[in-house]
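> In the numbering used here, the protein residues as written are 166 to 1104.
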Amino acid sequence: MPGLARKIIVCAAIDGLIIQPLSSKGQKPHLPIRVKYGDASISNVARAQVPDLKPEASFEAFGVIGLVTVSRLSYLITITRRQQVAQILGYPIYVATEVAITPCSSQADAEKSVKETSLQLRRDLQQDLSDDQSSSGDEADTRQKPVDEADDVIEENAGAKSNSRRSSFVEDVIRKKGSYGRFAQRWFSRSGWTIDQQRNMGLSVSPTLPPSNPSISSLTEGAGEQVEDVKPLVSSLLPKLLRTLHVLFGTSQSFYFSYDVDITRSFKQSASLFDGGAPACAHVDSVFFWNHNIIQPFVAAGQDAVSLPVMQGFIGQRSFLMDSQPPQKDETAPDSHELYTLSPTGSMPSSPPNEKTLEAVELRPTEKSYLLTLISRRSTKRGGLRYLRRGVDEGGFTANFVETEQILSPSVWNQESRIYSFLQIRGSIPLFFTQTPFSMKPAPVMLHATETNFQACKKHFERLVRIYGKTQVVNLVEKHGIEAPLGAQFEKSVQRLREEAGYEQQVSFEWFDFHRACRGMKFENVSILLLKLKDKLEELGCTIWEGGVVRQEQQGVIRTNCMDCLDRTNVCQSSFARHILDSHLRQEGFDVSAQMDQTASWFNTLWADNGDAISKQYASTAAMKGDYTRTRKRDYRGALNDLGLSLTRFYNGMVNDYFSQATIDFLLGNVTATVFDEFEADMMTKDPAVSVLKLREQAVELCQRRVVADETEEFHGGWVLISPSTTGTVKSWPMEEVVLLLTDAALYLCRLDWESDKVSSFERVELSTLTHIKFGTYITSTMSPSHMDEAKNVGFVVSYEPDKSHVKRTNTRTLSSHEDLKQSADDKDAKDASHAATLIGLMSGRPAPSQVRKIAFKAPYTSSSTVIIGSGPQQTEMQQVVAICTEIERLAAERQPRKLGESRESIVQKDDIISLEEAKRNTGLLEQLGHSIKRLVWA
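#1: Considering glutamate 876, what are the terminal residues of the beta strand (DSSP E) in which it resides?
#2: Which residue from Asp774, Asn456 and Thr934 puts its Cα closest to that of lysine 969?
#3: For leucine 241, tell me which candidate among Val279, Ser964 and Gln249 has the shortest Cα-Cα distance.
#4: If contacts are defined as beta-carbon pairs under 8 angstroms, then glycine 560 and isoleucine 829 qualify, I think. What distance do you get, rounded to the angstrom?
#5: Where does lysine 172 sit, in a helix, a strand or coil, going by DSSP?
#6: In angstroms, rounded to a whole number, what distance separates the CA positions of glutamine 927 and lysine 973?
#7: In chain order, what residues of the same chain have a beta carbon less than 6 angstroms from the beta carbon of threonine 531, not counting five sequence neighbours either side?
#8: Only counting the same chain, and skipping five residues up and downstream in sequence, which positions put a Cβ closer than 6 angstroms to that of lysine 624?
#9: So the beta strand (DSSP E) lysine 623 belongs to, where does it begin and stop?
#10: Taking the C-alpha atoms as reference points, what is the distance between cysteine 915 and arginine 861?
#11: Determine which residues share a DSSP beta bridge with isoleucine 428 and list them.
#12: Please determine if the segment 732-746 and the segment 599-613 are in contact, where contact requires at least 3 C-beta pairs separated by less than 8 angstroms.
#13: Mapping DSSP to helix, strand and coil, what is glutamate 845?
#14: Which word fits cysteine 176, buried or exposed, when buried means at least 16 other C-beta atoms lie within 10 angstroms of its C-beta?
#15: Can you tell me whether DSSP reads lysine 190 as helix, strand or coil?
#16: Helix, strand or coil: which one does DSSP assign to isoleucine 540?
#17: I'd like to confirm the pairing. Which residues does DSSP put opposite tyrosine 1105 in its beta bridges?
#18: With DSSP as the reference, label isoleucine 184 as helix, strand or coil.
#19: Can you confirm whether the segment 625-642 touches the segment 666-684 when touching is taken to mean that 3 or more C-beta pairs between the two stretches lie within less than 8 angstroms?
#20: Among Thr908, Val924, Leu906 and Pro1025, which one has its Cα closest to the Cα of isoleucine 944?
#21: Does the ligand PLP have even one heavy atom less than 6 angstroms from the beta-carbon of valine 972?
#22: By how many angstroms is the C-alpha of tryptophan 710 removed from the C-alpha of phenylalanine 485?
#23: Apart from the five residues on each side of it in sequence, which residues of its chain come closer than 6 angstroms, Cβ to Cβ, to alanine 742?
#24: Taking serine 593 and tyrosine 535 to be in contact with their CB atoms under 8 angstroms, please state how far apart those CB atoms are, rounded to whole angstroms.
#25: On the CB-based measure, 16 or more other CB atoms within 10 Å of its CB, does alanine 956 come out buried or exposed?
#26: Could you spell out the range, first to last residue, of the beta strand (DSSP E) harbouring arginine 199?
#27: Please name the residue or residues paired with glycine 883 in a DSSP beta bridge.
#28: Beta-carbon within less than 7 angstroms of glutamate 703's beta-carbon, same chain only, minus the 5 sequence neighbours each way: which residues are those?
#29: For threonine 1051, does the three-state DSSP call read helix, strand or coil?
#30: In the DSSP assignment, find the unbroken alpha helix (DSSP H) run with proline 404 in it and report its ends.
#31: Given this structure, state the Cα-to-Cα distance separating isoleucine 590 from threonine 429, to the nearest angstrom.
#32: Could you pull out every residue in the same chain whose Cβ sits closer than 7 angstroms to the Cβ of serine 582, ignoring the five residues on either side in sequence?
#33: How many whole angstroms separate the CB atoms of threonine 942 and serine 1080, which I take to be in contact at a CB cut-off of 8 angstroms?
#34: Under DSSP, the beta strand (DSSP E) around glycine 713 begins and ends at which residues?
#35: Measuring straight from C-alpha to C-alpha, what distance separates arginine 1055 and alanine 205?
#36: Could you name each continuous beta strand (DSSP E) segment of 3 residues or more that falls completely within the segment 714-769, going from the start of the chain to the end?
What follows is the structure, encoded as structure tokens:
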């Protein structure tokens, strides 16, 4: 089945969901496929097995996004509505505007969902046709409808109404996302902006929102009842997961696809179409292939016809006229010299260009029509949301990395066309840092050591130079204030890279303090930056095709970043792109300054739509400073708009982003389904880009180098465990990760500053002083099922009698001589305490009491969602605890001499440290209330 299917039909059969590819004429091929119930395995079925279907027993879709399986419940995600947003090389490009989520775990659920989806699609179609007929006299109906093949007319009409206009940020927050609730509605009023005000500011007018998928609620009714051994988690978080999937792939309108063109690759990489003999999923760039993980069941089964790769980002297109001899008065040219417009969010007055539409426009001999296409590709590497994915990972991939390509071409594509392509990139600062979402303007906190940061930064730029060539860094963060230290460290890392790694010619750095330069809303001062980089832009150039041959290649790329890589970045990137566009048009023989339409409002709107799309995908709101990008003007209304967006981002960061981030990581294959267990337990998610195993290994190595001073001590092992923050207790808040080192002479309890990779303190306990080791159930919380699992929550307590050899030292981050003085003071205090205890014993006539101390350790969960799959079998928590206790006892026995013939009793005993019943009794009302509030907000 070569090529991608334009349409598929989904229906429920006796033993599975049938996915039937349809040809352009609607004929059934000889080999459909089937998704079985239960385990959701993919298989082939003969055509004879496909039943005769009633109209409501199936529905047509435009492609399969993938198969999602959680706790043995599987759901098929298909595109049911789409909208054409552009055409490249004459082939249509679409955005998904609605998806169907169909359960695959029982026939009853599948049939019910398929029927509801079919009926809803028919109702939408009837409503759209009715609206078209009622508005037949309007100017909008004189436009030709966007079609790519004869049998797509109905489906395209069905998607036109609900997506004909781009929604405002208010509706996006309150209604389209559907998860902000009454709290957000208090902040925003849907009638806050009138239509005239929005148009004056360049904002798009809000449409009537499309109806939500009616099958989402029905999918979750009785979820898990048809399948045994389904975890309780499913019943609590499954509805939220399904709603998140529906918003992400459907109503967000952020996923794009093509049946013919590889939109994941730039023209510089490959100006080719999909090869009919090669699977599309094998052809696309994996960095921008967003459903690569959930589409794998179909790829593995060889079902290339329905394996549709989708890309997240933005695709918009505009057509405009240029005149080599422009008239003095705009009497004959179309309004604003714009033939038609296309954007993924709507506001489309007409169809993409083709022979008929161009013939309908009468051009003067000196006029020529062009297409400007803007494509932004969001990377799947370190993909996610604003404050939860910042900086760089160990592989050198940065958060919110976006490749943006601006393509200038004639309106009619052909082999002789001259095509210009200009690439820019954006991405977070390639250093390890984090910011809290619980602040309007949080200060960035640097993580890890300087060398660790430099190595990650080096990997990042090595990749950029390998892919794009020379890289010009444009750093837009503040030179003063909370952003300054991070920007300074970035500059130092690039400078070191240029000096030590031989990248002096390949990587350049320009720091432009955007806020300081544009103070007072004078965003036109961005021209200062453009003037500085004008020569660099011309040096890097662009890629030019002519006659199907590459005549010139772009020699490098501009890499722009601010803190979020959204608002300031988009303003500057649009400025660079406008300069390049003017340069390309001059090469075509047109004087831009002589044109009637010099404001190019369509160009500003195109880039503003791009900024809004990227911002919604990373920060869940439209971009700030969008009024300037659209109109090149800034006033108080834009400032008020930005204030509303700031409040919305703040709300999202606190409430919605944690679960959405867990869903994104799961869909991308960065974590296993265990991530939802972890979210249920802690209402938080870990960063899978940082290998937990590797981080723990590095922590053990660091502590061994810094803490074990006696080189004669033989090192026997090190572990990262969980311990109370206060020594001598078995439960305190918070519990923290510590490093336990074991040598042939002593135990070392090391507490780390994990953010700076430094040992903050350590305690040395001689093995000869150990008196008892107890291991068993260790429950410190009863707030979730995983916290109360007695098999997973285990630990041990080491009891010892300190003597003169006992050492406890704190890193004061001062000179070593001062540390030695501190240690001497600690030793003196210990001697004074021992002397005082001895005097008490003598005065009372009895020996001094034995001071038995305890250190408690809890084993971390071995089955983590971030553990690399295929890394080998993992020890259970109890196995790990038993192994550590056994090794400590063996080495302690060698340090505690006994008399000849004397038997030695084991110092290890199995007993509960904190039992489940005791933990329940000790759980306070305040702790329960706090967790209930967190669950209400986040889950």
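Glycine included, every Cβ here is placed at the ideal spot set by N, Cα and C.
Taking the coordinates as given:
#1: Unbroken run through glutamate 876: none, as it is neither H nor E.
#2: Thr934
#3: Val279
#4: Wrong, their Cβ atoms sit about 18 angstroms apart, outside the cutoff.
#5: strand
#6: The residue you asked about is not glutamine; residue 927 is phenylalanine in the sequence shown. About 6 angstroms.
#7: Asp488, Ser489 and Gln490
#8: Gly561
#9: Careful: lysine 623 lies outside any beta strand (DSSP E), inside the alpha helix (DSSP H) at 615-633.
#10: 13 angstroms
#11: DSSP, once it has assigned bridges, lists no residue as partnering isoleucine 428.
#12: no
#13: helix
#14: buried
#15: With a pLDDT of only 47 at lysine 190, under the threshold of 50, the placement of this residue in the model should not be trusted, and no figure is reported.
#16: strand
#17: Absent from the model: residue 1105. The displayed extent of the chain is 166 to 1104, so no value can be given.
#18: strand
#19: yes
#20: Pro1025
#21: With respect to the ligand PLP, the structure shown offers nothing to examine, as it has no ligands at all.
#22: 20 angstroms
#23: Gln571
#24: Actually they do not touch by this definition, with Cβ atoms about 34 angstroms apart.
#25: exposed
#26: 198-201
#27: Leu906
#28: none
#29: helix
#30: 397-411
#31: 14 angstroms
#32: Ser574 and Pro575
#33: 6 angstroms
#34: Per DSSP, glycine 713 belongs to no beta strand (DSSP E) and is neither H nor E.
#35: 50 angstroms
#36: 714-717 and 721-726
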